[in-house]
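These notes concern the structure reproduced below.
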Amino acid sequence: MLKIGLLLRKFMSPINYPFSLKRLSVLLVFSLAGCHHTPVQFGEIEKLYDFDHQVHYRQVQYNDNKFAIRIIADSYEAFTRQSVFLLRHSRHLCKRLVPQLTLKNGIQGFDRLPTEPRPYQPDLYAEIECIAP
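One point on numbering: in the numbering used here, the residue at position 106 of the sequence shown is 1381, and numbering is uninterrupted.
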């Protein structure tokens, strides 16, 4: 009985599988992992989150050099983070080209000493066009 247990343990151990089976399983895992991400089509909205700047945003890519970004407003104090994110992200999208930003909505006014609570601010919406330097 002891010999049967040792034989079963020897043949059931993953180390003793034939080399081709190991290779096939590794190939299968990597091929399935490669199919995980499918790129978004032009004109489709991507819902994304940037962990560094703690910003929720929606991004649309119209072509290789034109994008639209809507940064979801969460508070008045977060406007600085949102603006810095917009500048850095536009630079990242354009790679070696120069980003040209057109702000469409969400520009906040500045009052030195506001006498009433600030109203809810709309989302920051910008169009980015990548142009040659």
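Glycine included, each C-beta is placed from N, C-alpha and C at the ideal position.
| Just the Cα atoms here: how many angstroms apart are K1322 and H1331? | 8 angstroms
| said: Does the contact criterion of 3 or more C-beta pairs under 8 angstroms hold for the stretch 1362-1380 versus the stretch 1296-1304? | reply: no
| Do you know whose CA, among P1374, T1355, N1338, K1370, lies nearest I1346's CA? | T1355
| field | For V1304, the residue or residues it bridges with in DSSP | value | Bridge partners of V1304: none, in fact.
| So, helix, strand or coil for L1372, using DSSP? | coil
| field | Three-state class that DSSP yields for F1354 in the structure shown | value | helix
| Which listed residue (D1327, K1370, A1353, D1349) has its alpha carbon closest to that of F1342 | K1370
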